Amino acid sequence: MGGKSVVPWDAIYAALEKWRVSLGENPQAEVSGDGGGQLREPSVTTVAEHYRRNPWAVLASTILSLRTKDEVTLETSKRLLEKAPGPQELSALSEETIARLIYPAGFYRTKAASLKKIAAILLEQYGGEVPADMDALLALPGVGRKTANLVLIEAFDLPGICVDVHVHRISNRAGWLRSKTPEETEMILREILPRKYWKGINALLVLYGQNLCRPVSPYCSRCVIQAWCEKNGVTKTR
């Protein structure tokens with residue numbers, strides 16, 4: 029396990045950013061061209077911008093986004109935050125009410141229970157505020173490293189590397205590193221990825237992974253970073 033000693037990160041990041049800019053200003057449009065693409069902007073980023081980087085909105089939407097499509101995350105986040113714009117309001121709701129508000133998010137009943145517990149902890153231990161601390165975030169029910177990093181990045185503008193399935197897959201497929209889990213990928217990227225790219229790499233690779241660098245049959249013919257990709261594990265392309 030480990031990362032390449034030399035990866036042309038400046039060129040890779042610039043190519044991805046140029047591709048993102050070429051999509052235009054509408055973050056809601058699909059970009060793959062086959063009807064199977066996703067939003068041009070990750071749902072949590074959209075929520076964060078809409079709610080002016082409100083930490084509670086970012087935390088709640090990030091939890092809802094797990095195992096949930098972006099469009100569903102946007103829909104359920106809006107419903108939830110209209111009724112519960114903060115931990116105080118959410119704590120007054122029953123788990124059943126929360127579950128109804130966030131349906132059909134994946135594992136909505138489990139997430140409803142987690143959100144209820146999180147609201148209570150924030151009120152009891154942090155004065156109703158979301159902590160800007162990795163260890164404190166990881167201690168919250170249902171919060172893992174991906175969620176904690178995303179909250180630190182989107183809500184507090186702090187450095188972090190959010191690694192989900194797309195970042196993990198693309199990093200290994202391209203040969204920038206070798207790892208078995210997203211957690212390993214994060215730790216390796218912390219060593220080899222320039223700090224100036226930490227906060228932005230997730231949004232770029234998530235968008236790229238949803239639309240072009242798909243898990244199966246990626247669009248290699250349209251890839252803007254193929255010069256730096258080993259295509260590990262790829263057997264069929266488009």
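Following the working numbering, the numbering of the sequence shown begins with 29 at its first residue and continues without gaps. Note that the Cβ used here is the ideal one computed from N, Cα and C, for glycine as well. Values in this document were obtained by computation on a predicted structure and should not be read as measured data.
Chain-order list of residues whose beta-carbon lies under 8 angstroms from that of residue i (same chain, five-residue window excluded)
i: residue 138; result: 170
i: residue 249; result: 265 and 266
i: residue 44; result: 232, 233, 236, 252 and 253
i: residue 41; result: 225, 228, 229 and 232
i: residue 96; result: 104, 133 and 134
i: residue 107; result: 129 and 130
Best match in the options for proximity to residue i [C-alpha to C-alpha]
i: residue 87; options: 223, 173, 47 and 46; result: 173
i: residue 114; options: 199, 197 and 85; result: 85
i: residue 256; options: 227, 76 and 35; result: 35
i: residue 94; options: 133, 29, 126 and 184; result: 133
i: residue 163; options: 135, 112, 216 and 180; result: 180
i: residue 117; options: 153, 197, 148 and 103; result: 148
i: residue 104; options: 131, 33, 81 and 91; result: 131
i: residue 142; options: 217, 239, 91 and 216; result: 91
i: residue 29; options: 216, 246, 97 and 239; result: 216
i: residue 31; options: 187, 246 and 207; result: 207
i: residue 98; options: 112, 74 and 218; result: 74
i: residue 33; options: 218, 165 and 112; result: 218
Status (buried if at least 16 other CB within 10 Å, exposed otherwise) for residue i
i: residue 144; result: buried
i: residue 261; result: exposed
i: residue 192; result: buried
i: residue 167; result: exposed
i: residue 263; result: exposed
i: residue 128; result: exposed
i: residue 83; result: buried
i: residue 244; result: exposed
i: residue 120; result: exposed
i: residue 187; result: exposed
i: residue 49; result: exposed
Contact set for residue i: own chain, Cβ-Cβ below 6 angstroms, skip 5 residues either direction
i: residue 39; result: none
i: residue 70; result: 231 and 234
i: residue 150; result: 115 and 156
i: residue 81; result: 183
Proximity of residue i and residue j at Cβ, strictly below 8 angstroms
i: residue 209; j: residue 199; result: no
i: residue 135; j: residue 160; result: no
i: residue 140; j: residue 123; result: yes
i: residue 109; j: residue 154; result: no
Other residues of its chain near residue i: CB distance less than 7 angstroms, five sequence neighbours each side excluded
i: residue 258; result: 202 and 203
heavy atom of the ligand NAP below 7 angstroms from residue i C-beta
i: residue 125; result: Because no ligand of any kind appears in the structure shown, any question about the ligand NAP cannot be addressed here.
Assumed close pair residue i, residue j - CB separation to whole angstroms, cut-off 8 angstroms
i: residue 205; j: residue 229; result: About 12 angstroms; that fails the 8 angstroms criterion.
i: residue 182; j: residue 76; result: 4 angstroms
i: residue 89; j: residue 72; result: 5 angstroms
i: residue 222; j: residue 47; result: Residue 222 to residue 47, Cβ: 19 angstroms. No contact.
i: residue 238; j: residue 196; result: With 8 angstroms as the limit, residue 238 and residue 196 do not qualify as a contact, their Cβ atoms being about 14 angstroms apart.
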